[in-house]
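The structure under discussion appears below in the form of structure tokens.
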Amino acid sequence: MSIKKATSALISVFHKEGLEPIVKKFNELGITIYSTGGTEKFIKDLGIDVVPVEDVTSYPSILGGRVKTLHPKVFGGILNRQDHDGDIAQLKEFDIPQLDIVIVDLYPFEKTVASGAPEQDIIEKIDIGGISLIRAAAKNYKDVLCVSSMEDYGEFLNIISKGEGNTTSEERKKFASKAFNVSSHYDSAIFNYFNQDDEEVVLKISETKGHVLRYGENPHQKGLFFGDFKAMFNKLHGKELSYNNLLDVDAAVNLMNEFRGDDPTFAILKHNNACGLATRSSIQQAYIDALAGDPVSAFGGVLISNVELDKGTAEEIHSLFCEVVIAPSYSDEALEILKRKKNRIILIQNDVDLPDTLVRTCLNGILVQKKDDKTDTIADLKYVTGKEPSSRELEDLIFASKLCKHTKSNTIVLAKNKQLCASGTGQTSRVDALNQAIHKAKSFNFDLNDAVMASDAFFPFPDCVEIAHKSGITSIIQPGGSIKDQLSVDYCNENNITMVMTGTRHFKH
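To convert, note that position 96 of the sequence shown is 122 in the working numbering; the numbers rise steadily by one, no gaps.
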């Protein structure tokens with residue numbers, strides 16, 4: 027373990043929060059501070075001596091601040107090898123000060139892009155000097171400690187205080203790793219900004235916020251989550267979310283986004299598929315009718331609402347064992363009731379945009395696709411039968427189509443009066459999916475007369491239409507596109523069934 031005593035530091039940061047105690051500690055330890063611009067002024071205002079970098083380089087900050095530290099006397103002070111006689115000789119020859127600590131952060135490029143700023147403002151937030159200093163200091167971690175983010179100020183202050191200016195090689199290497207994480211993420215963000223039109227068929231994903239899960243899909247698998255969960259949700263109560271919880275929460279959020287702004291809607295999900303869904307005039311009734319869709323599968327499920335949960339709804343929910351409850355808000359009474367189960371996870375969903383790109387591993391590579399952001403509407407429908415659906419049937423068809431889009435293929439969804447009666451999910455044939463849905467609906471005493479059916483893909487034969495008709499289905503929504511579409515249309519016309527086509531397939535694998 028190599029221990030080095032710091033005698034000098036270069037500080038040049040955009041964010042000054044949390045910097046003051048570090049500067050004061052340097053002053054206390056007799057560490058010479060070099061700085062530039064706004065950081066130099068910040069240090070002087072604390073009444074602490076600071077050496078302007080311009081005094082070292084004999085060059086002022088030029089080009090409107092674009093060039094401040096890009097100079098051999100700065101980088102020589104960082105990159106020299108303290109165990110290399112030639113390097114030490116050149117420091118003396120060219121009067122280059124040794125720099126033992128470098129504290130530098132980067133211009134807020136991602137925040138500037140997210141703010142909707144004009145392109146010129148975004149370009150100006152591409153850091154040149156800062157990124158170069160970080161890479162140089164991290165590369166030479168054997169002699170230099172690099173602090174590249176204000177998030178690390180606390181840890182660094184503890185190290186420098188405890189060691190009275192001494193740092194170990196392990197500590198310096200750890201901070202070098204942090205630095206290269208910062209620099210690589212920064213460069214990825216810049217590339218992705220320039221490559222928004224995918225002119226370069228390249229995938230660069232960088233997530234700096236990671237969380238270790240208890241385990242993965244199964245206890246013998248390691249699990250990690252990368253992302254800003256706290257921006258998406260306020261966790262009010264309950265145990266830590268598991269890998270499977272997160273997958274179900276993701277499915278629940280994506281499904282309920284289809285009903286944003288609609289009348290009170292409640293969904294219950296299990297293994298990424300909805301086992302209950304209903305839209306009603308009150309959220310309590312929506313929950314009751316969603317639960318009726320499959321009260322067996324609801325056990326241990328993830329529950330989500332598109333409106334605030336009230337006391338009455340919470341009392342209904344409390345009698346069910348469920349893993350997670352999600353809503354935009356809760357009444358005080360509802361929250362008190364739901365918290366009575368110590369492990370029940372209670373989340374407030376914040377209004378955060380979800381990624382528009384889906385990524386998954388495949389074979390020895392990665393598959394990427396744009397998210398299915400197409401929601402079927404009445405305006406999209408093509409009326410292909412002589413008889414058209416009633417207004418009530420149209421509402422049910424759109425309701426069923428929204429759910430179908432978020433159910434594993436092959437899938438068939440049966441709905442009536444804006445309530446899920448049953449769905450056939452993840453079947454290898456559409457007929458199997460339909461038969462599964464019919465059996466399930468009847469097992470929970472649903473009357474399928476005048477119900478509607480939605481399919482995620484076209485019917486290659488009229489067999490599904492015939493089976494649905496015999497079960498009481500009166501209206502069907504499907505993408506169309508089969509060379510044998512007319513066979514299904516003919517059957518509908520002959521048996522007084524209405525059918526509409528959307529022209530959009532919604533496979534989900």
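Idealized CB from N, CA, C, for every residue including glycine.
This one's a predicted model, so the numbers in the text were calculated from it and none came from an experiment.
Minimum length 4: unbroken alpha helix (DSSP H) runs contained in the region 172–257: As far as the region 172–257 is concerned, its whole alpha helix (DSSP H) runs of at least 4 residues are 179–188 and 195–220.
The beta strand (DSSP E) enclosing Asn-53, as first and last residue numbers: Here Asn-53 belongs to no beta strand (DSSP E); instead the alpha helix (DSSP H) covers 46–55.
Member of Cys-348, Lys-42 and Glu-54 whose CA lies at the smallest distance from the CA of Thr-62: Scanning Cys-348, Lys-42 and Glu-54 for the CA closest to the CA of Thr-62 turns up Lys-42.
Alpha carbon of Glu-196 to alpha carbon of Asn-270, nearest angstrom: About 36 Å.
contact_flag[the region 473–482, the region 497–511] where n(CB pairs < 8 Å) is 3 or more: The region 473–482 is in contact with the region 497–511.
Pairwise C-alpha distance: Phe-285 and Asp-320: Whole-angstrom Cα-Cα distance: 20 Å.
Beta-ladder partner(s) of Cys-388, from DSSP: DSSP lists Gly-391 as the beta-bridge partner residues of Cys-388.
Counted within 10 angstroms of its Cβ, other Cβ atoms place Val-170 as buried (16 or more) or exposed: Classification for Val-170: buried.
Whole-number beta carbon distance between Val-410 and Val-491, since they are thought to touch under 8 Å: Actually they are not in contact, since the Cβ atoms of Val-491 and Val-410 sit about 12 Å apart, beyond 8 Å.
8 Å contact criterion, which Ser-175 and Asp-131 should meet: CB distance rounded: Going by Cβ atoms, the distance from Ser-175 to Asp-131 rounds to 6 Å, so yes, they are a contact pair.
Thr-524 vs Pro-505 beta-carbon contact at 8 Å: By the CB criterion at 8 Å, Thr-524 and Pro-505 fall outside the cutoff.
Alpha helix (DSSP H) segment containing His-263, residue limits: Segment 259–263 is the beta strand (DSSP E) holding His-263; no alpha helix (DSSP H) there.
Simplified DSSP assignment, three categories, for Phe-292: Assignment of Phe-292 by DSSP, reduced to helix, strand and coil, places it in the strand class.
Distance between His-263 and Asp-358 (C-alpha atoms, nearest Å): So the two alpha carbons sit approximately 13 Å from each other.
Given 8 Å, three or more beta-carbon pairs between the region 177–192 and the region 244–256: These segments do not touch.
Beta carbon of Glu-66 nearer than 8 Å to that of Pro-47: Glu-66 is not a Cβ neighbour of Pro-47, given a cutoff of 8 Å.
Spatially closest choice to Phe-182 from Ala-202, His-211, Asn-166 and Glu-341, by CA coordinates: Minimum Cα distance to Phe-182 is reached at Ala-202.
Cys-388 versus Val-394 - alpha carbon distance: Near 10 Å, if we compare the C-alpha coordinates of Val-394 and Cys-388.
Status (buried if at least 16 other CB within 10 Å, exposed otherwise) for Lys-118: Under this definition Lys-118 is an exposed residue.
Distance, Ala-463 Cα to Ala-448 Cα: Cα to Cα, the separation comes out at about 5 Å.
Stretch pair the region 394–407 + the region 440–460: three plus CB contacts closer than 8 Å: Result no; under three Cβ-Cβ pairs closer than 8 Å.
One or two residues paired with Gly-155 in a DSSP bridge: Note: Gly-155 sits in no beta bridge, so no partner.
Cβ-Cβ distance between Ala-304 and Asp-315 below 8 Å: Going by C-beta atoms, Ala-304 is nearer than 8 Å to Asp-315.
Ala-32 vs Ile-127 beta-carbon contact at 8 Å: Yes, these two residues count as a Cβ contact at 8 Å.
Cβ shell of Thr-454 (< 8 Å), same chain only, five flanking positions each side left out: Asn-436, listed in sequence order.
Boundaries of the beta strand (DSSP E) in which Gly-327 is found, first to last residue: For Gly-327, the uninterrupted beta strand (DSSP E) segment begins and ends at 327–331.
Distance between beta carbons of Ala-494 and Ile-502, contact taken as under 8 Å: Ala-494 and Ile-502 do touch by the CB rule: their CB atoms are close to 7 Å apart, below 8 Å.
Secondary structure of Leu-303, DSSP reduced to three states: Correct three-state label for Leu-303: strand.
Those residues which DSSP pairs with Ser-34 across a bridge: Ser-34 is bridged to Thr-58.
From Pro-86, Arg-161 and Tyr-167, residue whose alpha carbon lies closest to that of Ser-28: Nearest C-alpha to Ser-28 among Pro-86, Arg-161 and Tyr-167: Tyr-167.
Same chain, Cβ closer than 8 Å to Ile-216, five either side skipped, listed in chain order: Same-chain partners within the cutoff: Phe-135 and Ile-152.
contact_flag[the region 278–292, the region 216–236] where n(CB pairs < 8 Å) is 3 or more: Inter-segment contact for the region 278–292 and the region 216–236 is absent: fewer than three beta-carbon pairs are separated by less than 8 Å.
Supposed contact pair Met-282 and Asn-221 - C-beta distance, whole angstroms, cut 8 Å: About 32 Å separates the Cβ atoms of Asn-221 and Met-282, ruling out a contact at the 8 Å cut-off.
Whole-angstrom C-beta distance between Ser-34 and Thr-95, which should lie under 8 Å: With a contact defined as Cβ atoms closer than 8 Å, Thr-95 and Ser-34 miss out at about 14 Å.
Euclidean distance between Cα positions of Lys-165 and Ser-345: For Lys-165 and Ser-345, the gap between their C-alpha atoms comes out near 59 Å.
Counterpart residues of Tyr-409 in DSSP-defined beta bridges: DSSP lists Val-526 as partners of Tyr-409.
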